[in-house]
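Asks: Protein chains in written order, with this note's numbering: chain P, 1 to 583; chain L, 584 to 986. Think of the CB as a built atom: it goes at the ideal place given N, C-alpha and C, for glycine as much as any other residue. Structure incoming, see below.
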Amino acid sequence: MSAMQKVRSLFTEIKDHWSTPAEGKYVPYKEYKDVVFAVGSNYAGSKVLEYIGFFSSCYLIMHHYKLPYLTFSVIGILNMPLGYISALMWWFVCDNLGFLPKKTERKFYFTYFLMMAFGISTILFDYSRLFDQTSPFITYLNGLEGMNATACFKTFGTHFLYTGWVGARNIFWRKKLLPKYGRYKYSLYCDVIPKCIMVILIGWLPVYNIPDVATRVWVANLLFATYNVFGFANNLETCTRSISPNLQERILVRSYPVKISHFFNTIVGIILPAIIGMLRYEWADINVYRYVIPITFCVLAVFTMIFAGKVKERIPQPPVEKKVQIKFWDGMFGVLHNKYLLINTIKDLIDSLGNGMLPFVTILYFYTFRLSGLPYSLIVMLISFAGTPPDLLSPYFLKRFSYKQIMIFYQLTRAIGNGLIAAAMWFCGDNLTLCGTICVVVLFFMEMTKTVPTTAGHDMNVRIGDYQMYLSGERLESFAGVFGWFTGPITSFVGLIIPLLLLKYGFNSNWDVLFVDDSRRNIIVIPIIVDVIGFLLMTIPYLFWDYDSKKQNMVMEVLKRRAEVTEKKAEEEGVSVSGGYMG
Amino acid sequence: MSKKEKKIIVEEPIHLDIPEDEIWTYRVEGLAAPHINKPYKHFGLKKVIFAVVIIIAVSISCYFSVRTVQKDTFEYEQTEIGYELSKFSNTGYMTTLDIDFVSSVEYDRENADVNTNFEVIKDETKKVTSVGAYALNCDEKIKVINISADVDYVDPKAFYSCWALRQIEVDENNPNYCDVEGVLYSKDMKTLICRPCDHDTYLAEKYGHAKYDENGYRIEPAAEDANYEQYVKDVLTYVVPSSVETVGQLSFNYANMKAVYLPEGLKTIETLGFFEIPLLESVKSYKSDAVTDTHFTGEEALGEVYNSLPDGLEYIGSDAFSYNQAMTYVFIPESVTYIGHHAFWDTVYKADGTLKGVTVINVEASEEKFDEIHTGNSWRPQYDYLLFKKSVGINYSSVRTEG
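In structure tokens, the structure reads:
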């Protein structure tokens, strides 16, 4: 068949199946078009939000709040115990899709409101005054980096407020919106307006001017916690991962319309830094957070909501009313029996070796090469574009190589690439031209070799979910967090290694230390070396991955059969059902 | 089985014939059997094991994490001749730090006032002889540092970003260091090591210009105030003594300073020597070799004064004048042989469509001669030009303007 004939046949295929999918497929081509716009604006919007966050490399924190680096680890440790308790309730709600027995639901609401009341009271009153100010406990808290006893109690209370607020919203909105909008995109509908308001407020509230660092820390923590109550994640792309029960069609959607949709982000990624480069203080200019980011985000949020309804999830599942009710311990043991989740967990555990590392690529651009404006945009675009051509060939690579091979290759390329960058910075850091060229070339190749494994990784996660659904009758995506219970304690401790090393090399709340050449070299290179070790070790868990396409197809057959039988029985019983999908 | 055959098998459509009553129990070959709404074996025991493992993991993690972030107020490393202060972590309420003996903090249980309920206990058998790099990194409380006679080395980065630091006092018997009005110098006064970040508050108090708001934060006088001119002379102007040959690394960073007078004998300005001084409008040099007073009373006391960097200057370190957007004139004397990378970075900017700040670099040497000296990457300021960056021009064989 000639190229012309192929094009003609493709055109006919698209025309014929524009509104109704072809035999054996589930997604009409019209929906491909909707995916481009919906995912494009949602993805670009969520990427814009990456400029806002309660972490040290956020430009708002870096240039305006100036919070000590180790303080973020301290807050993480303060929040850890409550995280365990709240996670239990969270999983229970999420994996039952918000549909709880009435009595349990009332108990949950009561607990969440109690948490909120306690949280608000810690913000209004200073509980540290109830303790002896010379006791070891209070003097310990006073000595924590960037904190004092008052700030610690308020930070602790803020986490209660946040957990209660998020938990109560989770039950309310899931129950209300999930049957209509599906499990992946319902949250966009309830969060988008408050999120826009918070994005605007975060730049305009002048709380970064508070002179006392401890007060600044807890107020910033409260502000960002409120901001985080409302989500705007890349939900629609997640939704496309379950757009079809047909594996090839899933990958096709991920490889073409989803990839094309990412051009929206590429365009935003060029324009945004170019505009910011024109501001007098560039990234340090507060107008970045007062005008540039809020306007960009709000426009993208509007586009997201216009197209969100047109992308559907198609997981073969019984109707919501007839789904398997997950008891707490069934959920726990259900995920613990999933071998592939265990493999992922071990990999994540090793990955935590790199926790606390500064974004070295950003440091490279801003502090070594002093890039800003359009040159910055262009180099970022050049490197991020490197991943696009191989991504278009993802279906070929995913067919040709096993997921095990792809993921091992990925970890090895990270190790080699990072090793080369560390060597370049260590041995020729003084020669900006040579060092810069090596780094950019290596980053380019690392990006090129990243996109196929990323697609594979996403599909592996979907497969793990499908396998879990086969094992337990539900995907148990939240209960999968139980692995985090075991790894969390270890990762939080291991995650302190790099921040403490950085503190030793002079990195704290003032990023300008990165202008000191020898300090910058240590701050970048030493953590990279730790990370390289992590990448090498991460190849080991993947040696045990044996979940191939044949097994996956058989699992999908089981799921389809379950959906079919359950819905048929429900109809026979005359029960009105919603949210099911047979595939 | 060949690869091709294997591929064909994978792509074959699969159909499983699952009876209706087996939908929740049907086991796929090679995978674990489903376990849905069925009781687990040894359920109670499994729950106990699960809970115990979790409790142990969390407890161990909390213990080690808390231990790790807990830092002693003073951390020292033993050296051949004494102890080095390697890290100081403020209790949150200490405003004065003595660097003399190995110290620790003890609390007075009878005193509830957090500002005064502690005491620094010193072990006088253990002398502190050095201060390591970043020992007081980003401290926001310490106002005064007292250095004893035994300290023989202070790293140039030791007091980096100590935002509240007003003065460094050195014991007069110290053979290596001295201070002039709270600014740290080498004993021979040839090197200026550290002008504290908040030194202007010390000067404002000394010369009677300090005013505070109800929260205790200093109010900066406005340019319209009657005594503003005097305030600029007393507080915002600094005269580097004529003996100084080196302005050290990071020595003036973040200073609240409008003008600085440099001696003609100055040879070196180290890396980040005058980094990010947003108010710094005027850099001038003077010829007198008998200036010891750092307080500016008038140019007549300095002998002949001229604009910009002094004749005889040889070395300008990287980022030496970065981010000083109030500067407008730079003259590089013929004596300069080294200019580090980004030495004048971001000293030019665009406002209302016109270039402001350092819009041109004036060089005394001819183009051929200037080409022989070492210049680092992007040493000249750069501005936005057609969406890209362009370096400001160089006036070769330039003549110094009168200031």
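1) Assuming threonine 820 of chain L is part of the beta strand (DSSP E), what are its boundary residues?
2) What are the residues in the segment 931-943 of chain L lying within 9 Å of chain P by C-beta distance?
3) Please report how far the alpha carbon of glutamine 552 of chain P lies from the alpha carbon of tyrosine 467 of chain P, in whole angstroms.
4) Could you tell me which residues DSSP puts in a beta bridge with threonine 679 of chain L?
5) Closer than 7 Å to a non-hydrogen atom of the ligand SAM - does that hold for the CB of methionine 554 of chain P?
6) Taking glutamate 667 of chain L as the reference, which of L/Tyr676, L/Val734, L/Glu612 and L/Tyr690 has the closest Cα?
7) My parser needs the beta strand (DSSP E) runs of 3 or more residues fully inside the segment 854-920 of chain L; what are they?
8) Grouping DSSP H, G and I as helix and E and B as strand, with all else coil, what is asparagine 418 of chain P?
9) Pick from P/Thr150, P/Met469 and P/Val558: whose alpha carbon is nearest that of tyrosine 609 of chain L?
10) Give, in chain order, every residue of the segment 53-87 of chain P whose Cβ lies closer than 8 Å to some Cβ of chain L.
11) When you compare the CB of tyrosine 800 of chain L with every CB in chain P, is at least one pair closer than 8 Å?
12) For valine 611 of chain L, which residues in chain P fall below 8 Å Cβ to Cβ?
13) Histidine 337 of chain P versus chain L: which residues are under 9 Å apart at the beta carbon?
14) Between which residues of its own chain and glutamate 31 of chain P is the CB-CB distance below 8 Å, once the five residues before and five after are set aside?
15) Could you tell me which chain L residues have their CB closer than 7 Å to the CB of threonine 345 of chain P, listed as they occur along the chain?
16) Within the same chain, show all residues whose beta-carbon is closer than 7 Å to that of alanine 274 of chain P, passing over the 5 residues directly before and after it, in chain order.
17) Between the C-alpha atoms of asparagine 170 of chain P and lysine 629 of chain L, what's the straight-line distance to the nearest angstrom?
18) Tell me the DSSP secondary structure of histidine 957 of chain L in three-state form.
19) Are serine 669 of chain L and alanine 718 of chain L closer than 8 Å when you measure CB to CB?
20) Mind checking which residues open and close the alpha helix (DSSP H) that includes cysteine 152 of chain P?
21) In three-state terms, what does DSSP make of arginine 610 of chain L?
22) Using a Cβ-Cβ cutoff of less than 6 Å, which residues in the same chain neighbour phenylalanine 307 of chain P once the five nearest sequence positions on both sides are dropped?
23) I want to see whether chain L comes within less than 8 Å of glutamate 105 of chain P, judged by CB atoms only; does it?
24) Which residues of chain P have a Cβ atom closer than 7 Å to the Cβ of isoleucine 606 of chain L, listed in chain order?
25) Along the chain, where does the alpha helix (DSSP H) that runs through cysteine 196 of chain P open and close?
26) In angstroms with no decimal places, state the Cα-to-Cα distance between phenylalanine 54 of chain P and arginine 290 of chain P.
27) Less than 8 Å between the C-beta atoms of leucine 471 of chain P and histidine 618 of chain L, yes or no?
28) Which word fits threonine 158 of chain P, buried or exposed, when buried means at least 16 other C-beta atoms lie within 10 angstroms of its C-beta?
29) Hey, how far is the Cα of valine 685 of chain L from the Cα of serine 731 of chain L?
30) Anyone know if the C-beta pair for phenylalanine 483 of chain P and threonine 345 of chain P falls short of 8 Å?
31) In this structure, does DSSP put leucine 476 of chain P in helix, strand or coil?
32) To the nearest angstrom, how far is it from the Cα of serine 2 of chain P to the Cα of tryptophan 962 of chain L?
33) Please name the residue in P/Thr104, P/Ile293, P/Val380 and P/Pro527 whose C-alpha comes closest to that of cysteine 58 of chain P.
34) Tell me the DSSP secondary structure of valine 649 of chain L in three-state form.
35) My understanding is that leucine 188 of chain P touches tyrosine 367 of chain P, with C-beta atoms under 8 Å, so please give their C-beta distance in whole angstroms.
36) Under 8 Å, Cβ to Cβ, is there at least one residue of chain P near lysine 907 of chain L?
Replies: Reading from the atomic positions:
1) From DSSP, the beta strand (DSSP E) with threonine 820 of chain L extends over 820-822.
2) Within the segment 931-943 of chain L, the qualifying residues are Tyr932, Lys933 and Ala934.
3) Those two C-alpha atoms are separated by around 7 Å.
4) BP columns for threonine 679 of chain L point to L/Val727.
5) Summarising the ligand content, the structure contains no ligands, and the ligand SAM is consequently not present.
6) Selected option, being the one with the closest Cα: L/Val734.
7) DSSP assignment within the segment 854-920 of chain L yields the following whole beta strand (DSSP E) runs of 3 residues or more, N-terminal first: 865-869, 888-890 and 913-915.
8) It is helical.
9) For the residues P/Thr150, P/Met469 and P/Val558, the minimum Cα distance to tyrosine 609 of chain L belongs to P/Val558.
10) Listed by position, the residues of the segment 53-87 of chain P near chain L (Cβ gap below 8 Å) are Pro68, Leu70, Ser73, Val74, Ile77, Met80, Pro81 and Tyr84.
11) With 8 Å as the cut-off, tyrosine 800 of chain L counts as an interface residue toward chain P.
12) Tyr470, Lys551, Met554, Val555 and Val558, listed in chain order.
13) Result: Ala615 and His618.
14) Cβ neighbours of glutamate 31 of chain P beyond the five flanking positions: Ile243, Lys310, Val311 and Lys312.
15) Near threonine 345 of chain P there are no residues of chain L at all, since even the closest Cβ is about 13 Å away, more than 7 Å.
16) Counting only Cβ-Cβ distances below 7 Å, and skipping sequence neighbours, we find Gly373, Leu374 and Ser377.
17) In this structure, the straight-line span from the alpha carbon of asparagine 170 of chain P to that of lysine 629 of chain L is close to 30 Å.
18) Judged by DSSP in its simplified three-state form, histidine 957 of chain L adopts strand.
19) Cβ distance < 8 Å, so serine 669 of chain L and alanine 718 of chain L count as in contact.
20) Unbroken alpha helix (DSSP H) run through cysteine 152 of chain P: 149-181.
21) Coil.
22) These residues qualify, in order along the chain: Asp34, Phe37 and Ala38.
23) For glutamate 105 of chain P, the answer is no, since every Cβ of chain L falls outside 8 Å of its Cβ.
24) Within 7 Å Cβ-Cβ: Arg561, Arg562 and Val565.
25) Residue range 186-204 is occupied by the alpha helix (DSSP H) that includes cysteine 196 of chain P.
26) Here the alpha carbon of phenylalanine 54 of chain P sits roughly 17 Å from the alpha carbon of arginine 290 of chain P.
27) The criterion of a C-beta distance shorter than 8 Å is satisfied by leucine 471 of chain P and histidine 618 of chain L.
28) It is buried - the Cβ of threonine 158 of chain P has at least 16 other Cβ atoms within 10 Å.
29) Taking the CA atoms as reference points, valine 685 of chain L sits about 12 Å from serine 731 of chain L.
30) Phenylalanine 483 of chain P places its beta carbon less than 8 Å from that of threonine 345 of chain P.
31) Coil, per DSSP.
32) Straight-line Cα distance between these residues: approximately 58 Å.
33) Of the candidates P/Thr104, P/Ile293, P/Val380 and P/Pro527, the one whose C-alpha sits nearest the C-alpha of cysteine 58 of chain P is P/Ile293.
34) The three-state reading of DSSP puts valine 649 of chain L in helix, counting H, G and I together.
35) Actually they do not touch by this definition, with Cβ atoms about 36 Å apart.
36) At residue 907 of chain L the sequence reads asparagine, which differs from the lysine that was named. Cβ-Cβ to chain P under 8 Å: no for asparagine 907 of chain L.
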